[in-house]
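Counting with this note's numbering, you get residues 12 to 174 for the letters of the sequence shown. Let me begin by presenting the structure, written as structure tokens, before commenting on it.
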Amino acid sequence: MKNLIYLLFVLSIIGCNSQENKEKETQQSNKQEQDTIKPKETWGVKKQYDEFGNLIKYDSIYSYSYSNIKGDSLQVNLDSIMDSFKNYVNKNTSFNWKDNFSFFPENDSLFMDDFFKEDYFFKTWQNQNTELDKMIKKLDSSRNDFIRQFYPGLYESKDKSYM
12 MKNLIYLLFV LSIIGCNSQE NKEKETQQSN KQEQDTIKPK ETWGVKKQYD
62 EFGNLIKYDS IYSYSYSNIK GDSLQVNLDS IMDSFKNYVN KNTSFNWKDN
112 FSFFPENDSL FMDDFFKEDY FFKTWQNQNT ELDKMIKKLD SSRNDFIRQF
162 YPGLYESKDK SYM
């Protein structure tokens, strides 16, 4: 009889703890839903009827836009940012797409021997793989510097959203 009472007591304690954990999980999931950025959505429906009331044209438009953390729409032109970044990279880094991603042999005949092997492009790519990783890291670093320098509000709002 004592064992049965102890068993019921232990099961009731475990059951209480389980309920508390579920409440915490629910609160955490609700908080995550509130923290996620959701787009502003709009729908527009245009209908055209004939003289008898029959629907002859139907057009619907769905659009959405995101805003930054403060709720204001981002007031930047992405094309302008990308053009500015391209100029920034050309001026501030020694990165050159043509030099770094040329898979074709040089005009020098000393380098032509590899060109006639079956796996020329694959070998060339394998050799450039580590260099490519270094270049990508440099480009990311350069991009981060560019955004911090010329568009600090965008970078800060993005940092805060992921903390």
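All C-beta atoms, glycine included, are put in the ideal place defined by N, C-alpha and C.
Asked: Backbone secondary structure at Thr-141 - three-state DSSP; Found: helix
Asked: Cβ contact check for the stretch 93-100 and the stretch 63-79: 3 or more pairs under 8 Å; Found: no
Asked: In DSSP terms, what Ser-152 is bridged to; Found: The partner list for Ser-152 (beta bridge, DSSP) is empty, contrary to what the question assumes.
Asked: DSSP beta-bridge partners of Lys-57; Found: Asp-70
Asked: Nearest-angstrom beta carbon gap, Val-100 and Ser-153 [assumed within contact, 8 Å]; Found: 6 Å
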